[in-house]
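Visitor: Numbering (the UniProt record's numbering), first residue to last: 1 to 680.
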């Protein structure tokens, strides 16, 4: 069998919702051992694993392989513990900031897309890199030799093979030792193995994931050609056996955690050369990924790739549980990010088949993958050469709340900053990786939501912006808003950026103090302080509170605090599932609403709804059935079923769906038309 060469059933962990659905679809092929909240320890066999891998998800297995029942149970308990630890701490080991313009710009000009193309074809020519094959093992040993040749005689570089307990294929790790902070690691990784549902002796895996490994190899080549010597240790990783339960990356991530290896950031490259969407790069926003690191990648592209030769456009997508190796590191509490080549619904249709070949890439000579090499260089250089953080930014006075057990800042929203957080260690949180643009002369609204563990208390608020960038908040006009103590929640206030403000990035400090208005540099007993980044530039009219906020989509599921644009206005989801109007967008943003080519009600019809029987009858209102697919999506955004339409009218079996809310989506390229489906 393609997915596992394991006899009978094996142990794994996965998300509970998928486990329940898989159990319903394959009652004899799945056993749920134990569920703790959203995580489950299970037993799967080849049939159910294949279903999860290729029907439920396209980018990865959707589960973690475990060697025993005890290991599976231990794993979900450990995941819960790490989630709790992450939720209780807002402190980061590194402040993600842009400081390395000269080195980064030098590196971008050295990226050679033909090198990536050549490396993809070299890996494709193994025929298969499936983890149990001789050619899979040979791919690992050959890659080790290649990386060693790139490093030359550098004494600060080592390349090693990592053997595993649950596969004969080794992973490859190249380490470039840091000059100043060698115990802090910045990691770039991807998987080397391949798979095919048609038989694993013909699994070329050009996109999944020869493209990612080829991109990583080109990044390493560029850095060595620059004789780059990072302050922090940089590691390049090529994992074995990702396609069969994240085996290689899981073992390495757990080993690093057990040895207290300080990974300050991890970025995954898995599928980089299939341009299936209008935008170039899609940042995956699954809950286990780091919001701060995701935002930093966007900040990098805004800074280095907004226009010109190195232009990169980007948007968001999702990849679900166990979708690739970065989840292995996220489960150990590390900050992770996964930029991918296309939107989930527009991804490469050839992966996991014998058709995943370089000849089927829509763009020639790996020009799409070269964009990921540039983003990876920006990521590695900026973070591996940056200073440490976790405390108030250098040069600014310290301020904090000494006790946050009763109250703290739960959320701050201004412009594109929309940060929900738990209490920071020591009553202070460094969120300077979160940023928004503010134009001179613009009027802006900031909204602060207090969080109380029990009773509500009177809270006072103050916000400062260092407009002249002199590392303090003492100048006239830099206290931009304050509010006397009250139990109001949330609180909002407006401020106008002065015309004399200095262009560029600067600090915004947000403070909440029990029973009094705080000052900028005090340490008070109850409450919290948070620091953010704002970017001053332009004049009135250039600032747009809706910039970066997606239009309202009736097929999406929104959580309290989510923001959308609708008919030229900015709205925020409330805890009662309503919408709070924040205010108007700028005139330039009023035309960014979702394009509707036809009335959604006429476009897609189905009956009955609510669903009470074992099927629904669906009718498509025009000829989109010829080129579109129907997707059934759950409230978490998981694609449960994809139906290729053969006529305007079709019947769909709904007997396997449990009671709840789903979305029936007609998907056609960049447009989708959705209706809510209620199953009784």
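All C-beta atoms in this analysis are idealised placements derived from N, C-alpha and C, irrespective of residue type, glycine included.
All values derive from a computational prediction rather than experimental measurement.
Work out the CA separation of residue 433 and residue 9 for me, nearest whole Å.
Guide: Approximately 45 Å, taken between the alpha carbons.
Visitor: In this structure, how does DSSP classify residue 301 when only helix, strand and coil are distinguished?
Guide: The answer is helix: DSSP assigns residue 301 an H, G or I state.
Visitor: Are the beta-carbon atoms belonging to residue 238 and residue 213 less than 7 Å from one another?
Guide: In contact: residue 238 and residue 213 (Cβ atoms closer than 7 Å).
Visitor: For residue 133, count neighbouring Cβ atoms within 10 angstroms of its own Cβ and tell me buried if that reaches 16, exposed if not.
Guide: Counting Cβ neighbours within 10 Å, residue 133 comes out buried, since at least 16 surround it.
Visitor: Measure the C-alpha to C-alpha separation of residue 496 and residue 407 and round it to an integer number of angstroms.
Guide: Answer to the nearest angstrom: the Cα atoms are 29 Å apart.
Visitor: Which same chain residues, not among the five before or five after residue 310, have their C-beta less than 7 Å away from its C-beta?
Guide: Closer than 7 Å at the Cβ level, and outside the excluded window around residue 310, lie 108, 304 and 374.
Visitor: Can you say whether residue 531 is buried or exposed, counting buried as having 16 or more other CB atoms within 10 angstroms of its CB?
Guide: So residue 531 counts as buried.
Visitor: When you compare only the Cα positions, how much space is there between residue 168 and residue 347?
Guide: Taking the straight line from one Cα to the other gives about 30 Å.
Visitor: How many angstroms separate the CA atom of residue 50 from the CA atom of residue 617?
Guide: Their Cα atoms are separated by approximately 28 Å.
Visitor: According to DSSP, is residue 371 helix, strand or coil?
Guide: Of the three classes helix, strand and coil, the one that applies to residue 371 here is helix, per DSSP.
Visitor: How many whole angstroms separate the CB atoms of residue 629 and residue 537, which I take to be in contact at a CB cut-off of 8 Å?
Guide: Between residue 537 and residue 629 the Cβ distance is about 43 Å, and since that is not below 8 Å, they are no contact.
Visitor: CB-CB under 7 Å to residue 262, same chain, minus the five flanking residues each way: which ones, in chain order?
Guide: Answer for residue 262: 93, 183, 184 and 185, listed in chain order.
Visitor: What residues match up with residue 176 in a beta bridge as DSSP calls it?
Guide: According to DSSP, residue 176 bridges with 157 and 234.
Visitor: Helix, strand or coil, according to DSSP, for residue 33 in the structure here?
Guide: Reduced to three states, the DSSP call for residue 33 is strand.
Visitor: Measure how close the beta-carbons of residue 207 and residue 115 come, nearest whole angstrom, since I'm counting them as under 8 Å.
Guide: That belief does not hold up - the Cβ atoms of residue 207 and residue 115 are roughly 17 Å apart, past 8 Å.
Visitor: Tell me the DSSP secondary structure of residue 221 in three-state form.
Guide: If DSSP states are grouped into helix, strand and coil, residue 221 belongs with the helices.
Visitor: In whole angstroms, give me the CA-to-CA distance for residue 344 and residue 317.
Guide: Approximately 6 Å between the Cα atoms of the pair.
Visitor: Keeping to the same chain, check which residues put their C-beta closer than 7 Å to that of residue 165; ignore five residues upstream and five downstream.
Guide: Answer for residue 165: 67 and 251, listed in chain order.
Visitor: So residue 446 and residue 490 are supposed to be a Cβ contact under 8 Å. How far apart are they, rounded?
Guide: Not confirmed; about 10 Å, so no contact.
Visitor: Measuring only the C-alpha atoms, how far is residue 84 from residue 76?
Guide: Straight-line Cα distance between these residues: approximately 12 Å.
Visitor: How many Å lie between residue 297 and residue 188 at the Cα?
Guide: Whole-angstrom Cα-Cα distance: 13 Å.
Visitor: Could you give the distance in angstroms between the alpha-carbon of residue 253 and the alpha-carbon of residue 74?
Guide: C-alpha separation (whole angstroms): 15 Å.
Visitor: Would you say residue 233 and residue 177 are within 7 Å of each other, going by their C-beta atoms?
Guide: Closer than 7 Å, so yes.
Visitor: Among 508, 509 and 524, which one has its Cα closest to the Cα of residue 515?
Guide: Comparing Cα-Cα distances from residue 515 to each of 508, 509 and 524, the minimum goes to 524.
Visitor: Return yes when the Cβ of residue 105 is within less than 7 Å of the Cβ of residue 231, no when it is not.
Guide: Not closer than 7 Å, so no.
Visitor: If contact is defined by three or more beta carbon pairs under 8 Å, each pair taking one atom from either stretch, is the region 144-153 in contact with the region 216-225?
Guide: Yes, they touch.
Visitor: Count the other C-beta atoms from every protein chain shown that fall within 10 angstroms of the C-beta of residue 419, then say buried if there are 16 or more, exposed otherwise.
Guide: Under this definition residue 419 is a buried residue.
Visitor: Excluding the 5 residues flanking residue 508 on each side, which residues of the same chain have their C-beta closer than 6 Å to its C-beta?
Guide: The answer, listed in chain order, is 465, 532 and 534.
Visitor: When you compare only the Cα positions, how much space is there between residue 329 and residue 443?
Guide: If I take the Cα positions, the gap works out to 41 Å.
Visitor: Looking at the secondary structure, which residues open and close the alpha helix (DSSP H) in which residue 255 lies?
Guide: First-last of the alpha helix (DSSP H) with residue 255: 247-258.
Visitor: Tell me which same chain residues have a C-beta within less than 8 Å of the C-beta of residue 481, skipping the five on either side of it?
Guide: For residue 481, where only same-chain residues beyond five positions count, the Cβ hits under 8 Å are 446, 461, 462, 463, 493, 494 and 495.
Visitor: In angstroms, rounded to a whole number, what distance separates the CA positions of residue 113 and residue 211?
Guide: Distance between the alpha carbons of residue 113 and residue 211 is about 11 Å.
Visitor: Let me know if residue 487 comes out buried or exposed under the rule of 16 or more other beta-carbons within 10 Å of its beta-carbon.
Guide: Answer is exposed; the Cβ neighbour count stays below 16.
Visitor: At the level of alpha carbons, what is the spacing between residue 484 and residue 458?
Guide: Answer to the nearest angstrom: the Cα atoms are 9 Å apart.
Visitor: Please state whether DSSP places residue 100 in a helix, a strand or coil.
Guide: In this structure, residue 100 counts as coil in the three-state DSSP scheme.
Visitor: If I'm right that residue 244 touches residue 65 with Cβ under 8 Å, what's the distance once you round it to whole angstroms?
Guide: Correct: roughly 6 Å between the Cβ atoms.
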